[in-house]
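Report on the following structure.
2 protein chains.
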Amino acid sequence: MPPFETRPIQVQYLKAACSSCSVLELCLPLGLSHQEVERLDTLILQRVRVKKGHTLYRAGDPLSSLYAVRLGFFKTSVLSVDGREQVTGFQMAGEILGLDAISSNLHACSAFALEDGEVCPIPFAQLEQLSQALPSLQHNLNKILSREIVRDHSMLLQMGNMNADERLAAFLLNLSQRLSLRGYSSRAFVLRMRREEIGSYLGLRLETICRCIAHLRDQGLVIIDGKQVQILDLEGLKQRVAGCHNAARE
Amino acid sequence: MPPFETRPIQVQYLKAACSSCSVLELCLPLGLSHQEVERLDTLILQRVRVKKGHTLYRAGDPLSSLYAVRLGFFKTSVLSVDGREQVTGFQMAGEILGLDAISSNLHACSAFALEDGEVCPIPFAQLEQLSQALPSLQHNLNKILSREIVRDHSMLLQMGNMNADERLAAFLLNLSQRLSLRGYSSRAFVLRMRREEIGSYLGLRLETICRCIAHLRDQGLVIIDGKQVQILDLEGLKQRVAGCHNAARE
DNA sequence: CGTCACGTTGACTCTGTTCAATGCTAGTGG
DNA sequence: CCACTAGCATTGAACAGAGTCAACGTGACG
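As they're listed, the protein sequences go chains A and B.
According to UniProt numbering, the stretch in the first sequence is residues 1 to 250, in order.
According to UniProt numbering, the stretch in the second sequence is residues 1 to 250, in order.
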C-alpha cells in the first residue's frame, strides 16, 4: 500500500457558494433558478482543501456528505477481498463524489486526491430535506445518480467488448472531452494518475498501458511523454474506438 | 439479431397494487408506512404482461415510466457503435428497470423479457412529484439508484480483476443469493438466459462460459445441465471468488 | 422427420500477463 | 555537491488464458 493511504485529510475552511462557483453549470445546481441556488448555498457552508495523496473518505466510512469537486482531480476505488484495487472513476471539477454511499449509508469506495484540490461537502441528510422543497434540486440529484449509472454501463461495454488499444483511446477521448467542457484544451493535457491507475480503471496491467501508448504513438495519433498528453489526430482516435474490435483492424 | 427484437410488446392490463404485492419489501415501497404505500398505489395503475422474447423498451425510447419487475426475468443491454451487444444486467422480481433513462430522458439500454413476466409501470414524472410529498419515497429512489451504482462497480471489479472461472462463480452466487432472498432455493435454480448472454454480461465468449461450467463441474462445485443449475458446494464457490486471482490457485 | 437454435468440445491462435532488466527523475542525507 | 534510494515508466521475452474457428450433439418444434 502506498504510504499516503495512511494520512488523514487536512481540513481547511474556506467560504463557499454555489452562486459564485465557476463550475455551477456542470454541478448539482445545474438549471436551478437564482433563488434556488441561494437556498442550496445555505447547505454548502465551506470548501475543504484536500492535498495531493490524501484521502477524502474511505470504503466503510459512514456517509455524512456528498462532495462536489471544485478544483483538482480525484480517483475513487474499491478493494477486492484479497486487497486488489479496482479504480472505479476519475473525477474532476463539477463532479460529485460519494454517490455509492447512499445505498447503505456507508461509503463503498475510497476517494483519493491525485493533485491538490478543493471539494464542497454537501450534507446528505440536509440535501434530501432541501430537495423536498425544491423539485428541480431533487430532479438534478436523480439525474446525477442516473448519469453515473450510464457512465458505468459504458465502462462495462469498454471492458467487455474493447481491446486494450481501444480502451486507452476511449479513455483519452473521455478525458479530452471532459476537460474541454471545463474550458481546457481538448488536445493537450496532463494525466494526473499513474499508469497503474489507468490500467486498473481499464482492466489492464500497467505494462499494457505503456505498450498501448506506444501503439497510439506509432500510429501518429498522440504524443504522450510521461504525464503530458498531446492529441494529434482526434478523429483518428475516435475511429479507433468506433470501429470497436475486429472492424478496421490493421 | 434475434428475431424477437422486432416484435412490439403486447400490453395486457391487470389491476396492480403495491400494498398487496409479494415483493413489496424488495421494491420501491420498502420501508414505507401503510398510508404511504397507499399513496404510491395511486401511481401504479396496472400491471403489464410481457411475453418471453418481447421488448419492454429500447435504447433511444423516451422515458415515460420506470418499471418494477413483478414477475419473470429480464435482461438489459446496450449496443456498441458497431452493433455488438453488452448485457448490463439481469433483473428479477422487485428490481427496477429504466433507471439509466433519468439522466437524459431517453432509455440508454433496451430491456427484454427472458421469460413471461409482469411489470408495474411507474410514471416517472408523477413519481418525482409524489416523492416531493413523501420523503421516504424520495429516499428510497435515491437508494435504489445508488444501489445500482454499487452493483455496477462490483461488476467492474469482476471484469477488471477476475478470471473467467471466478467471474462465472461470482455470477452463480449472485443469482443464488437473489433467488434465495425471494424465497427460492439458493442451491437449485434455472438459468433463464443463454450462454451467449451470460458471456456478454461477464465480458467473455459463450465458448468460455461452457468451458468454465465444465471446470466448476469437474471441481465438484456445481452440476449444470443445460439451464438447470445445482450448487453442490456453496462455500467452495465462495472461496473461488474470494481468493480472487492468483490466490489459492491450483 | 427435418430444421434450427443452442450447447459442448477440440485445436490452434493471439492478445495481454508475467517476469525481468533498464532508465529516468525527484528526494534524501552524508 | 554528489551518491544513493525509491518510485515510476519503458521495453523485451516467454507464457498462459481466453478467443476463434470448426465439428458435432441435442432438444424443441413446426
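All C-beta atoms, glycine included, are put in the ideal place defined by N, C-alpha and C.
The structure displayed is predicted, hence computed values, not measured ones.
Fill in: 7 Å Cβ cutoff met for A/Val-241 and B/Ala-108
Here the question's residue 241 of chain A lines up with position 241 in the first sequence. Here the question's residue 108 of chain B lines up with position 108 in the second sequence. Contact flag unset, no.
Discussion item. Across the stretch 189-205 of chain B and the stretch 160-173 of chain B, are there enough close Cβ pairs to call them in contact, namely three or more that are closer than 8 Å?
Written reply: yes
Discussion item. I'd like the list of long-range same chain contacts for B/Leu-237, defined as Cβ closer than 6 Å, with 5 residues on each side in sequence excluded.
Written reply: Here the question's residue 237 of chain B lines up with position 237 in the second sequence. The answer, listed in chain order, is Ala-169, Leu-173 and Leu-221.
Fill in: is_contact[A/Gly-72, chain B] using C-beta, thresh 7 Å
On the first sequence, residue 72 of chain A is found 72 positions in, with the first residue counted as 1. Not one chain B Cβ lies under 7 Å of A/Gly-72.
Discussion item. On the DSSP letters alone, give me the boundaries of the beta strand (DSSP E) that B/Leu-30 sits inside.
Written reply: If you number the second sequence from 1, residue 30 of chain B lands on position 30. First-last for B/Leu-30: undefined, no H or E at that position.
Practice prompt. Just confirm the distance between the C-beta atoms of A/Ala-16 and A/Leu-45, as a whole number of angstroms; I'd bet it's less than 8 Å.
Written response: On the first sequence, residue 16 of chain A is found 16 positions in, with the first residue counted as 1. On the first sequence, residue 45 of chain A is found 45 positions in, with the first residue counted as 1. That belief holds up - the Cβ atoms of A/Ala-16 and A/Leu-45 are roughly 7 Å apart, short of 8 Å.
Fill in: Within the UniProt domain "Cyclic nucleotide-binding" (28-102) of chain A, ranges of the beta strand (DSSP E) (whole runs, at least 3 residues)
47-50, 55-57, 65-71, 73-79 and 85-92
Worksheet item: Among A/Ser-20, A/Gln-35 and A/Met-92, which one has its Cα closest to the Cα of A/Gln-177?
Response: Counting from 1 along the first sequence, the entry for residue 177 of chain A is found at position 177. Nearest of A/Ser-20, A/Gln-35 and A/Met-92 to A/Gln-177, Cα basis: A/Met-92.
Worksheet entry | B/Ala-59 versus B/Val-78, B/Arg-47, B/Leu-71 and B/Phe-73, residue with shortest Cα-Cα distance | Your numbering for residue 59 of chain B matches position 59 in the second sequence. Nearest C-alpha to B/Ala-59: B/Val-78.
Discussion item. Quick check: the Cα distance between B/Ala-248 and A/Met-155, rounded to an integer number of angstroms?
Written reply: Looking up residue 248 of chain B in the second sequence gives position 248. Looking up residue 155 of chain A in the first sequence gives position 155. Residue placement at B/Ala-248 cannot be trusted, given a pLDDT of 29 that sits under 50; what the coordinates show is reported in the next sentence. Answer to the nearest angstrom: the Cα atoms are 29 Å apart.
Fill in: Interface partners of A/His-153 on chain B, CB under 9 Å
One-based indexing of the first sequence puts residue 153 of chain A at position 153. Within 9 Å Cβ-Cβ: Thr-76, Val-78, Gln-86, Thr-88, Gly-89, Asp-100, Ala-108, Cys-109 and Asp-152.
Practice prompt. Starting from A/Glu-118, follow the beta strand (DSSP E) in both directions and report where the run begins and ends.
Written response: Along the first sequence, one-based indexing puts residue 118 of chain A at 118. Residues 117-123.
Fill in: Helix, strand or coil at B/Gln-219 according to DSSP, with G and I counted as helix
For the purposes of this step, residue 219 of chain B is taken as residue 219 along the second sequence, with counting starting at 1. The answer is coil: DSSP assigns B/Gln-219 none of H, G, I, E or B.
Worksheet item: Taking the Cβ atom as the reference point for each residue, do B/Arg-224 and B/Ile-213 lie within a distance shorter than 7 Å?
Response: Taking the second sequence and counting its residues from 1, one reaches residue 224 of chain B at position 224. Taking the second sequence and counting its residues from 1, one reaches residue 213 of chain B at position 213. Just to set this straight, residue 224 of chain B is Ile in the shown sequence, not Arg. Cβ distance < 7 Å, so B/Ile-224 and B/Ile-213 count as in contact.
Item to complete: Using DSSP bridges, identify the partner residues of B/Gln-230.
Response: Position 230 of the second sequence, counted from the start, is the residue given in the question as residue 230 of chain B. Partner(s): B/Ala-188 and B/Ile-223.
Worksheet item: Can you round the beta-carbon distance between A/Glu-122 and A/Leu-30 to whole angstroms, since I take them to be within the 8 Å contact cut?
Response: Position 122 of the first sequence, counting from 1, holds the residue named residue 122 of chain A. Position 30 of the first sequence, counting from 1, holds the residue named residue 30 of chain A. Here the sequence assigns Ile to residue 122 of chain A, which means Glu is not the residue at that position. Their Cβ separation, rounded to whole angstroms, is 14 Å, which puts A/Ile-122 and A/Leu-30 out of contact at 8 Å.
Worksheet item: Name the chain A residues whose beta carbon is nearer than 9 Å to that of B/Gly-203?
Response: Here residue 203 of chain B refers to the residue found at position 203 of the second sequence. Result: Leu-156, Met-159, Gly-160, Asn-161 and Gly-203.
Discussion item. Measuring straight from C-alpha to C-alpha, what distance separates B/Leu-28 and A/Leu-106?
Written reply: Locating residue 28 of chain B in the second sequence gives position 28, counting from the first residue. Locating residue 106 of chain A in the first sequence gives position 106, counting from the first residue. The alpha-carbon atoms of B/Leu-28 and A/Leu-106 are separated by roughly 20 Å.
Worksheet item: Apart from the five residues on each side of it in sequence, which residues of its chain come closer than 8 Å, Cβ to Cβ, to B/His-245?
Response: Translated into positions along the second sequence, residue 245 of chain B becomes position 245. At B/His-245, the pLDDT of 39 sits below 50, so the modelled position is not reliable and the matter cannot be decided from this model.
Worksheet entry | Limits of the beta strand (DSSP E) - the one that A/Ser-110 falls within | The count along the first sequence starts at 1 and reaches residue 110 of chain A at position 110. A/Ser-110 -> beta strand (DSSP E) spans 110-113.
Worksheet item: Shortest alpha-carbon distance to A/Phe-189 belongs to which of A/Asn-142, A/Arg-211, A/Gln-228 and A/Gln-158?
Response: By one-based count along the first sequence, residue 189 of chain A stands at place 189. Per the Cα distances, A/Gln-228.
Fill in: Residues of the stretch 117-135 of chain B whose Cβ lies closer than 8 Å to any Cβ of chain A, in chain order
Glu-128, Gln-129, Ser-131, Gln-132 and Pro-135
Discussion item. I'd like to check one pair, A/Phe-124 with A/Leu-63: are the Cβ atoms closer than 7 Å?
Written reply: On the first sequence, residue 63 of chain A is found 63 positions in, with the first residue counted as 1. On the first sequence, residue 124 of chain A is found 124 positions in, with the first residue counted as 1. Yes, they are a contact pair.
Worksheet item: What's the gap between the Cα of A/Leu-71 and the Cα of A/Ala-101?
Response: Here residue 71 of chain A refers to the residue found at position 71 when the first sequence is read from its first residue. Here residue 101 of chain A refers to the residue found at position 101 when the first sequence is read from its first residue. Going from the Cα of A/Leu-71 to the Cα of A/Ala-101 covers about 22 Å.
Discussion item. Against chain B, with Cβ distances strictly below 7 Å, would A/Ser-19 count as a contact?
Written reply: Locating residue 19 of chain A in the first sequence gives position 19, counting from the first residue. So no, A/Ser-19 is outside the interface.
Discussion item. For the pair the stretch 128-135 of chain A and the stretch 191-200 of chain B, tell me if three or more CB-CB distances fall below 8 Å.
Written reply: no
Item to complete: Measure how close the beta-carbons of A/Leu-99 and A/Glu-38 come, nearest whole angstrom, since I'm counting them as under 8 Å.
Response: Counting from one through the first sequence, the residue named residue 99 of chain A turns up at place 99. Counting from one through the first sequence, the residue named residue 38 of chain A turns up at place 38. The Cβ separation is near 24 Å, so there is no contact.
Fill in: Residues within the stretch 224-242 of chain B neighbouring chain A, beta-carbon criterion of under 7 Å
Ala-242
Worksheet item: Interface residues of chain B around A/Lys-143 at Cβ under 7 Å?
Response: Locating residue 143 of chain A in the first sequence gives position 143, counting from the first residue. Ordered by position in chain B, the residues that pass the 7 Å Cβ test against A/Lys-143 are Ile-102 and Ser-103.
Discussion item. Residues in the same chain with beta-carbon distance under 7 Å from B/Gln-138, minus the five sequence neighbours each way, listed in chain order, please.
Written reply: Taking the first residue of the second sequence as 1, we reach residue 138 of chain B at position 138. Counting only Cβ-Cβ distances below 7 Å, and skipping sequence neighbours, we find Ser-131.
Item to complete: Output, in chain order, the set of chain A residues within a Cβ distance shorter than 7 Å of B/Arg-25.
Response: The residue given as residue 25 of chain B occupies position 25 in the second sequence. The displayed chain sequence assigns Glu, not Arg, to residue 25 of chain B. Under the 7 Å cutoff, chain A gives no residues; its nearest Cβ is about 16 Å from B/Glu-25.
Fill in: For B/Ile-106: DSSP bridge partner residues
Counting from one through the second sequence, the residue named residue 106 of chain B turns up at place 106. Sequence inspection shows Leu at residue 106 of chain B; the Ile mentioned does not correspond to that position. According to DSSP, which records beta bridges pairwise, B/Leu-106 is partnered with B/Pro-62.
Practice prompt. Identify, in the order they occur along the chain, each residue of the same chain with its Cβ nearer than 7 Å to the Cβ of A/Leu-145, setting aside the five sequence neighbours on each side.
Written response: Looking up residue 145 of chain A in the first sequence gives position 145. Only Leu-99 meet the Cβ criterion.
Worksheet item: Which class does B/Ser-22 belong to by DSSP, given the choice of helix, strand or coil?
Response: As a working note, residue 22 of chain B is residue 22 in the second sequence. Correct three-state label for B/Ser-22: coil.
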